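**Student:**
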DNA sequence: CTAATAGTGTCTATTAGACACTATGTA
DNA sequence: TACATAGTGTCTAATAGACACTATTAG
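Residue numbers (the UniProt record's numbering), protein chains in the order written: chain A, 1 to 246; chain B, 1 to 246.
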């Protein structure tokens with residue numbers, strides 16, 4: 001196959017973001033209101049074009065910062081505000097009615113933010129419960145997300161749900177310092193199940209390198225003061241945290 | 001951000017394939033010899049441009065068929081020859097010196113093929129042991145793969161290694177009918193470890209839906225005749241097959 | 001016979017899951 | 001006081017890993 005720049009079709013390449021957080025015991029995704037056709041007025045995932053001299057990860061980090069103010073690990077060596085990873089790429093020829101667009105979706109996990117959104121290029125932005133966005137396949141069509149974003153969101157949610165099983169990624173949903181109970185509520189919100197607090201406590205505190213005690217305590221959840229921890233260096237969780245209802 | 005087709009940069013989009021198989025107790029990848037600059041004469045992963053009206057998965061299946069003759073599940077309802085899934089997307093601005101190319105890499109797992117390659121658009125094609133292609137970081141530079149293909153291959157190998165832990169994907173490396181011992185040798189080759197044949201047998205035959213006895217036996221591995229199985233419908237492997245040396 | 005692989009059984013240390021109980025804060 | 005959450009201990013059923021033993025072929 002000859003390699004002539006004029007012989008292959010030109011594509012637009014975008015990054016779309018599945019930004020997840022846990023708010024009031026519910027897994028939520030960041031959505032933006034579309035200001036233009038097509039799908040004007042509908043909710044969509046945040047995203048935008050990759051620039052001419054920009055890496056895919058950089059483009060995703062830039063969009064994340066524009067929409068939320070969150071800093072992914074990229075910039076310098078300070079601890080990141082959010083976890084960011086590539087999710088999958090969507091390139092159905094008919095996914096955008098205007099032109100051929102290939103979207104490299106990324107998954108971002110962030111702690112609950114005080115301000116729901118910051119300035120971006122989108123009109124309105126909101127955290128919406130994932131159950132609302134994806135619940136009932138038919139509901140997806142009436143109030144659904146634009147383009148193939150429901151599919152992308154579903155893939156991102158499934159990635160998050162499975163990845164917290166065998167990694168310490170759930171701590172990305174927590175602030176820098178958190179309690180065992182708060183971490184447990186993250187698992188419960190993401191999986192939509194109830195976990196035994198005592199077994200959970202034994203499991204996470206017994207896994208070396210997962211949690212590092214930071215010294216203080218807090219009563220922000222009520223009840224007896226709970227120890228504060230920060231995420232340890234361990235990224236793999238072995239043996240994994242098992243999702244119930246197998 | 002205005003959505004004007006003339007305002008965004010144009011990208012070329014390709015699919016690259018990490019095609020893995022197990023040959024003579026070694027995990028091997030399909031490589032093709034480059035006939036043109038850049039990297040002329042070096043080995044590379046098979047791949048090619050996505051066509052104007054082609055889905056990404058279709059492009060990957062087409063390239064796989066062109067290079068190996070293998071049929072992924074796409075075409076019709078017959079059982080597929082090979083497993084094919086999207087791996088990740090690589091879009092560093094400098095990954096191709098000629099132009100901006102975004103490559104959507106795919107991972108294919110195939111049984112050992114009698115003919116190493118079939119007709120394709122590449123000059124020579126070979127199965128090369130993964131350990132040769134990736135062993136010793138410095139060795140990668142002298143006899144290494146073109147572009148960022150060493151990185152792509154490493155990601156694909158890691159995906160395969162982790163995915164056979166918790167799925168029945170290892171059967172994609174086996175012919176339609178296989179023995180427990182042959183399946184065990186797949187795990188041993190992919191992970192590069194030795195597994196206890198007795199515990200392995202108990203594990204796989206005790207997981208419902210993983211293996212379905214097909215009735216016959218074979219002595220193609222020598223020794224006592226072994227039952228033949230085919231892959232069952234179960235795709236998830238729960239509890240997972242544990243990789244030793246944790 | 002030996003050598004090879006297939007397949008079953010048994011023992012033990014570990015652990016997930018269930019749950020009783022105590023500790024320490026707020027209303 | 002009642003009530004919330006935090007944290008520890010104990011019991012049991014399941015299982016991964018180690019390994020003894022038998023079965024059935026080829027040479």
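Beta carbons are placed, not taken as given, at the ideal position from N, Cα and C, and that holds for glycine. Bear in mind the structure is a predicted one, so any value in this text is a computation, not a measurement.
Would you mind giving the Cβ-Cβ distance between residue 107 of chain A and residue 160 of chain A, rounded to the nearest angstrom? I have them listed as a contact below 8 Å.
**Tutor:** 7 Å
**Student:** What are the boundary residues of the alpha helix (DSSP H) that residue 205 of chain B is part of?
**Tutor:** 197-206
**Student:** I need the straight-line Cα distance from residue 105 of chain B to residue 13 of chain B, nearest angstrom please.
**Tutor:** 10 Å
**Student:** Looking at the C-beta of residue 19 of chain B, does it have a partner C-beta in chain A at a distance below 7 Å?
**Tutor:** no
**Student:** Let me see if you follow: with CB-CB separation under 7 Å, is residue 91 of chain A close to chain B or not?
**Tutor:** Taking Cβ atoms only, chain B reaches closer than 7 Å to residue 91 of chain A, which makes this a yes.
**Student:** Whole-angstrom Cβ separation of residue 27 of chain B and residue 212 of chain B, contact assumed at under 8 Å?
**Tutor:** Cβ-Cβ separation between residue 27 of chain B and residue 212 of chain B: approximately 26 Å, too far for a contact (criterion under 8 Å).
**Student:** Check this for me: beta carbons of residue 146 of chain A and residue 39 of chain A, under 7 Å apart or not?
**Tutor:** yes
**Student:** Assuming residue 68 of chain A contacts residue 45 of chain A (C-beta within less than 8 Å), just tell me the rounded distance between them.
**Tutor:** Going by Cβ atoms, the distance from residue 68 of chain A to residue 45 of chain A rounds to 13 Å, so no, they are not a contact pair.
**Student:** Candidates A/205, A/33 and A/25: which alpha carbon is nearest residue 179 of chain A's?
**Tutor:** The residue with the shortest Cα to Cα distance from residue 179 of chain A is A/205.
**Student:** Given a limit of 8 Å on CB to CB distance, which residues of the region 140-163 of chain B reach chain A?
**Tutor:** Within the region 140-163 of chain B, no residue has a Cβ that lies closer than 8 Å to any Cβ of chain A.
**Student:** Anything in chain B within Cβ reach of residue 55 of chain A, meaning under 8 Å, just list it in chain order.
**Tutor:** 91, 92 and 93
**Student:** In chain B, which residues lie less than 7 Å from residue 86 of chain A when you measure between Cβ atoms?
**Tutor:** 88 and 89
**Student:** Just the chain A side, please: which residues come within less than 8 Å of residue 104 of chain B by C-beta, in chain order?
**Tutor:** 89, 91 and 102
**Student:** In three-state DSSP terms, what is residue 230 of chain B?
**Tutor:** strand
**Student:** Looking only at its chain, what residues have a beta carbon closer than 7 Å to the beta carbon of residue 63 of chain B, apart from the 5 residues adjacent to it on each side?
**Tutor:** 15, 17, 46, 47 and 48
**Student:** I need the boundaries of the alpha helix (DSSP H) containing residue 33 of chain B, first residue and last residue.
**Tutor:** Residue 33 of chain B -> not in any alpha helix (DSSP H); beta strand (DSSP E) instead, spanning 26-33.
**Student:** Within 10 angstroms of its Cβ, does residue 54 of chain B collect 16 or more other Cβ (buried), or is it exposed?
**Tutor:** buried
**Student:** Is there a Cβ from chain A that is less than 7 Å from the Cβ of residue 39 of chain B?
**Tutor:** By this cut-off, residue 39 of chain B is not an interface position.
**Student:** Figure out for me which residue from A/157, A/208, A/210 and A/181 has the closest Cα to the Cα of residue 197 of chain A.
**Tutor:** It is A/181.
**Student:** Do you know how far the Cα of residue 162 of chain A is from the Cα of residue 201 of chain A?
**Tutor:** 20 Å
**Student:** Buried or exposed for residue 99 of chain A, going by 16 or more other Cβ atoms inside 10 Å?
**Tutor:** exposed
**Student:** Indicate the three-state DSSP secondary structure (helix, strand or coil) for residue 69 of chain A in the structure shown.
**Tutor:** coil
**Student:** Any beta carbon of chain B sitting closer than 7 Å to that of residue 204 of chain A?
**Tutor:** no
**Student:** Taking the alpha helix (DSSP H) that residue 155 of chain B belongs to, which residues open and close that run?
**Tutor:** 149-166
**Student:** Could you work out which residues of chain B lie near residue 276 of chain A, taking near to mean beta carbons separated by less than 8 Å?
**Tutor:** For residue 276 of chain A there is no data in the structure shown, the boundaries of chain A being 1 and 246.
**Student:** Nearest to residue 164 of chain B by CA position, among B/224, B/66, B/83 and B/199, is which residue?
**Tutor:** B/83
**Student:** Whole angstroms are fine: how far does the CA of residue 169 of chain A sit from the CA of residue 70 of chain A?
**Tutor:** 17 Å
**Student:** Relative to the C-alpha of residue 57 of chain A, which residue among B/244, B/34 and B/93 is closest?
**Tutor:** B/93
**Student:** Should residue 15 of chain B be flagged as near chain A, meaning a C-beta pair shorter than 7 Å?
**Tutor:** It does not: the Cβ of residue 15 of chain B has no partner Cβ on chain A nearer than 7 Å.
**Student:** Assuming the contact rule is C-beta atoms closer than 8 Å, residue 61 of chain A and residue 9 of chain B should be a hit. Round their C-beta distance to whole Å, please.
**Tutor:** Not a contact, Cβ separation roughly 18 Å.
**Student:** Is there a Cβ from chain B that is less than 7 Å from the Cβ of residue 12 of chain A?
**Tutor:** yes
**Student:** Rounded to the nearest angstrom, how far is the Cβ of residue 234 of chain A from that of residue 209 of chain A, given a contact under 8 Å?
**Tutor:** 3 Å
**Student:** Alpha helix (DSSP H) containing residue 85 of chain A: first to last residue?
**Tutor:** No alpha helix (DSSP H) holds residue 85 of chain A; the beta strand (DSSP E) holding it covers 83-90.
**Student:** Who are the near neighbours of residue 144 of chain B in its chain, counting only those whose CB is closer than 7 Å to its CB and skipping five residues on each side?
**Tutor:** 150
**Student:** Can you tell me whether residue 131 of chain B is buried or exposed, with buried defined as 16 or more other CB within 10 angstroms of its CB?
**Tutor:** Exposed is the call here.
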